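Student: After the structure tokens below, expect a handful of questions from me.
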Amino acid sequence: MFKYILQRIAFAILTLFIISILTFCLIAAFAPDPINKMAQESWSKIHDKSIYDGFEHYLKIKQVEYGFRYGTEKEPGELIPIIVRYFDYIGNFFKGNFGHIINEQFNPNPVVYKTIPKLFFYPLKYSIMVTAPSFIISSICGISLGVFAGYNRGKVMDSAINLFVVFFIALPSFIIAPIVITIFVKFGLPPKVFTTDEQSIKEVFKSLIPPILVITLGSLAGFTTYSRNQVVTVLTSNYVLIAKTKGLSSIQIFFKYVFRNISIPIFTMIVYSFLGLLTGSIIVEKFWNIQGTSIVIVYAFPNGEIYIEMFSILFFTALSLFLEIFVDICYAILDPKISYGDTSKKNYLLFFKAWLIRRKLEKDLFKKQQETLHKEEPTAVERS
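Heads up: the sequence shown is residues 1 to 384, going by UniProt numbering.
Right, here's the structure in full:
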């Protein structure tokens with residue numbers, strides 16, 4: 001098991017490296033140039049432009065300043081190749097230098113968000129304030145509804161739950177959100193989420209109810225559908241039918257067979273769903289003006305802020321890879337029967353050697369058959 005975990009960690013590091021280099025190269029090659037945009041804005045504000053040989057010279061100086069070009073500010077050199085910039089970035093990343101916020105004018109709060117980690121993690125707490133309650137409510141209620149619908153398969157309640165699920169799966173959050181805002185405004189709730197700096201804790205809590213409701217409805221539908229399908233699969237299995245013939249009650253069957261068999265796949269969904277909610281609440285955050293991770297994404301991607309984009313992508317990629325390893329470990333804890341092999345039982349070298357031997361035997365057999373046929377054919381003298 002320990003060796004397997006080490007292998008998974010090694011593959012996770014390799015995956016993170018491949019994703020990081022591909023992402024960096026694609027952003028650097030195709031995203032808007034943040035240096036050019038920043039230089040154009042600052043060039044228009046410069047009063048004494050005689051010290052520069054035009055805008056192109058000023059742009060080169062800025063590219064040197066932010067590590068996009070070789071040379072010095074006095075003597076700018078050639079543009080640094082993208083792959084070289086990537087390895088420079090990774091080297092600085094491990095030293096704790098995560099890059100620059102290039103266009104400060106697009107920074108939503110330059111006083112607070114002075115570094116990239118602050119720009120990313122400070123708003124993250126507001127996203128968690130919305131997604132964490134939604135995750136807890138939707139997982140508990142969704143799994144309960146799914147189990148109830150699975151036990152009442154084909155009945156009226158099952159049909160009603162399925163109708164509810166299909167309705168909220170079909171409707172995206174950008175359609176539900178305006179409707180919820182309109183309804184709750186009539187009940188006196190604000191159309192935006194307050195912070196503790198603006199209002200009291202009671203008002204902040206009241207303002208959080210509408211966005212939490214919207215996220216909960218969408219994720220609850222997913223939990224319900226998945227749980228119902230798992231329960232139906234277990235209830236229609238042979239070992240449950242045998243347990244019923246033995247006279248076991250529904251409660252005994254649930255805890256002995258159903259709960260045990262649905263726990264592992266549902267646990268996997270629960271772990272990954274929180275990450276999905278955390279990264280997928282952008283629309284809701286924009287509707288309620290929540291100062292969460294959406295402001296980072298909305299700010300960084302259209303403006304080509306490569307260092308902010310790389311930090312957010314690396315963080316969520318590393319988090320998802322860690323969760324995969326965590327889920328594998330939990331599999332072994334939840335079900336001791338699950339074991340992970342240290343090595344593959346397939347030896348491809350031996351397989352290739354056996355294939356070569358088989359091909360040689362086939363050729364030898366074919367030659368012998370041809371020789372036998374030639375010996376059996378009558379000569380011209382024998383025919384006459």
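Glycine included, every Cβ here is placed at the ideal spot set by N, Cα and C. Keep in mind the model is a prediction, meaning the values are calculated, not measured.
#1: With respect to 7 Å, is the separation between the Cβ of THR182 and the closest non-hydrogen atom of the ligand FMN below this value?
#2: So, with DSSP's three-state summary, where would you put TYR257?
#3: To the nearest angstrom, report how far apart ASN162 and SER127 are at their CA atoms.
#4: Confirm, please, whether the CB-CB distance from ILE61 to GLU75 is below 8 Å.
#5: Within a Cβ cutoff of 7 Å, which residues of the same chain sit near ALA380, ignoring the five residues on either side of it in sequence?
#6: Helix, strand or coil, according to DSSP, for PRO76 in the structure here?
#7: With a Cβ-Cβ cutoff of 8 Å, do ARG228 and GLY146 count as a contact?
#8: Could you tell me which of ILE9, PHE2, LYS3, SER44 sits nearest to SER320, measuring between CA atoms?
#9: Around the C-beta of PRO110, are 16 or more other C-beta atoms found within 10 angstroms, so that it is buried, or is it exposed?
#10: Should GLN370 be labelled buried (16 or more other beta-carbon atoms within 10 Å of its own) or exposed?
#11: VAL84: buried (16+ other C-beta within 10 angstroms of its C-beta) or exposed?
#12: Reducing DSSP to helix, strand and coil, say where ARG153 ends up.
#13: Just to confirm, are GLY142 and SER173 a CB contact at a threshold of 8 Å?
#14: For the putative contact between ALA221 and ILE262, defined by C-beta atoms under 8 Å, what is the C-beta separation to the nearest angstrom?
#15: Who are GLY71's beta bridge partners in DSSP?
#16: State the Cα-Cα distance for the pair ILE308 and ILE27, rounded to the nearest angstrom.
#17: Are the beta-carbon atoms of PHE135 and PHE274 separated by less than 8 Å?
#18: Which of helix, strand or coil does DSSP assign to ALA380?
#19: For PHE187, which three-state DSSP category applies?
#20: Using the three-state DSSP reduction, which class does ILE308 fall into: helix, strand or coil?
#21: When burial is assigned at 16 or more other CB atoms within 10 Å of the CB, is ARG359 buried or exposed?
#22: Sort LEU314, ASP364, ALA332, LEU373 by Cα distance to LEU16 and report the nearest one.
#23: Measure the Cβ-Cβ separation of VAL232 and TYR257 and say whether it is below 8 Å.
#24: Quick check: the region 199 to 219 against the region 178 to 190, are at least 3 beta-carbon pairs closer than 8 Å?
#25: To the nearest angstrom, how far is it from the Cα of MET129 to the Cα of ILE329?
#26: State yes or no: is the beta carbon of GLN230 nearer than 8 Å to at least one beta carbon in chain C?
#27: Between the beta-carbon of GLU305 and the beta-carbon of PRO117, is there less than 8 Å?
#28: Just reading off the alpha helix (DSSP H) that ALA243 is part of, what are its end residues?
#29: Have a look at ILE19 and VAL298 and give me their C-alpha separation to the nearest angstrom.
#30: So what's ASN66 in DSSP terms, helix, strand or just coil?
#31: Could you tell me the distance, in whole angstroms, from the CA atom of PHE68 to the CA atom of LYS125?
#32: Is it buried or exposed, TRP355, if we count other Cβ atoms within 10 angstroms and call 16 or more buried?
#33: Is TRP288 helix, strand or coil by DSSP?
Tutor: In this structure, then:
#1: Ligands in the displayed structure: none, and consequently the ligand FMN is not present.
#2: As a first step, residue 257 is located in the sequence shown; it is residue number 257 there, counting from the start. In the three-state scheme derived from DSSP, where H, G and I count as helix and E and B as strand, TYR257 is classed as helix.
#3: Here residue 162 refers to the residue found at position 162 when the sequence shown is read from its first residue. Here residue 127 refers to the residue found at position 127 when the sequence shown is read from its first residue. Using only the alpha carbons, I get a separation of about 30 Å.
#4: Position 75 of the sequence shown holds residue 75. Position 61 of the sequence shown holds residue 61. Result no, Cβ atoms of GLU75 and ILE61 do not sit closer than 8 Å.
#5: Your numbering for residue 380 matches position 380 in the sequence shown. With a pLDDT of only 49 at ALA380, under the threshold of 50, the placement of this residue in the model should not be trusted; the figure read from the coordinates follows. For ALA380, same chain residues with a beta-carbon under 7 Å away, outside a window of 5 residues either side, do not exist.
#6: Within the sequence shown, residue 76 is the residue found at index 76, counting from 1. Three-state DSSP puts PRO76 in a strand.
#7: Start at 1 with the first residue of the sequence shown, and residue 228 comes out as number 228. Start at 1 with the first residue of the sequence shown, and residue 146 comes out as number 146. The Cβ atoms of ARG228 and GLY146 sit closer than 8 Å to each other.
#8: On the sequence shown, position 320 is the one that residue 320 refers to. The shortest C-alpha separation from SER320 is found at ILE9.
#9: Locating residue 110 in the sequence shown gives position 110, where the first residue counts as 1. Exposed, because fewer than 16 other Cβ atoms sit within 10 Å of the Cβ of PRO110.
#10: What you label residue 370 is simply residue 370 of the sequence shown in a count that begins at 1. An exposed status is given to GLN370, since fewer than 16 other beta-carbon atoms sit within 10 Å of its beta-carbon.
#11: Counting from one through the sequence shown, the residue named residue 84 turns up at place 84. Classification of VAL84: exposed, given that the 10 Å Cβ count is below 16.
#12: Taking the first residue of the sequence shown as position 1, residue 153 is located at position 153. In this structure, ARG153 counts as coil in the three-state DSSP scheme.
#13: Walking along the sequence shown from the start, residue 142 turns up at place 142. Walking along the sequence shown from the start, residue 173 turns up at place 173. Result no, Cβ atoms of GLY142 and SER173 do not sit closer than 8 Å.
#14: The sequence position of residue 221 within the sequence shown is 221, counting from 1. The sequence position of residue 262 within the sequence shown is 262, counting from 1. Between ILE262 and ALA221 the Cβ distance is about 18 Å, and since that is not below 8 Å, they are no contact.
#15: Position 71 of the sequence shown, counting from 1, holds the residue named residue 71. Residue pairing for GLY71: DSSP places it in a beta bridge opposite PRO76.
#16: As a working mapping, residue 308 is identified with position 308 in the sequence shown. As a working mapping, residue 27 is identified with position 27 in the sequence shown. A straight line joining the alpha-carbon of ILE308 with that of ILE27 spans about 11 Å.
#17: Looking up residue 135 in the sequence shown gives position 135. Looking up residue 274 in the sequence shown gives position 274. In this structure, PHE135 places its C-beta atom within 8 Å of the C-beta atom of PHE274.
#18: In the sequence shown, counting from the first residue as 1, residue 380 sits at position 380. No answer about ALA380 holds up, because its pLDDT of 49 lies below 50 and its placement is not dependable.
#19: Walking along the sequence shown from the start, residue 187 turns up at place 187. Judged by DSSP in its simplified three-state form, PHE187 adopts coil rather than helix or strand.
#20: As a first step, residue 308 must be located in the sequence shown, where it is residue number 308. Helix, per DSSP.
#21: Position 359 of the sequence shown holds residue 359. Burial call: exposed.
#22: To locate residue 16, count along the sequence shown from 1; it is residue 16. Each of LEU314, ASP364, ALA332, LEU373 was checked against the Cα of LEU16, and the nearest Cα belongs to LEU314.
#23: Reading the sequence shown from its first residue, position 232 is the one you call residue 232. Reading the sequence shown from its first residue, position 257 is the one you call residue 257. Contact: no.
#24: Yes, the region 178 to 190 is in contact with the region 199 to 219.
#25: Counting from 1 along the sequence shown, the entry for residue 129 is found at position 129. Counting from 1 along the sequence shown, the entry for residue 329 is found at position 329. Computed Cα separation, rounded: 28 Å.
#26: Annotation note: the requested chain C is absent from the structure, which comprises a single protein chain.
#27: Locating residue 305 in the sequence shown gives position 305, counting from the first residue. Locating residue 117 in the sequence shown gives position 117, counting from the first residue. Not in contact: GLU305 and PRO117 (Cβ atoms no closer than 8 Å).
#28: Against the sequence shown, residue 243 aligns to sequence position 243. Under the DSSP assignment, ALA243 falls in the alpha helix (DSSP H) whose first and last residues are 238 to 245.
#29: Working through the sequence shown from its first residue, we reach residue 19 at position 19. Working through the sequence shown from its first residue, we reach residue 298 at position 298. Roughly 21 Å separates the two Cα atoms.
#30: Locating residue 66 in the sequence shown gives position 66, where the first residue counts as 1. This sequence places Tyr at residue 66; Asn is not what is there. Looking at TYR66 - three-state DSSP - the assignment turns out to be coil, as it is neither helix nor strand.
#31: Indexing the sequence shown from 1 puts residue 68 at position 68. Indexing the sequence shown from 1 puts residue 125 at position 125. Rounded to whole angstroms, the separation of the alpha carbons of LYS125 and PHE68 is 33 Å.
#32: Here residue 355 is taken as the residue at index 355 of the sequence shown, counted from 1. Exposure of TRP355 is indicated by the presence of fewer than 16 other C-beta atoms within 10 angstroms of its C-beta.
#33: For the purposes of this step, residue 288 is taken as the residue at position 288 of the sequence shown. Correct three-state label for TRP288: coil.
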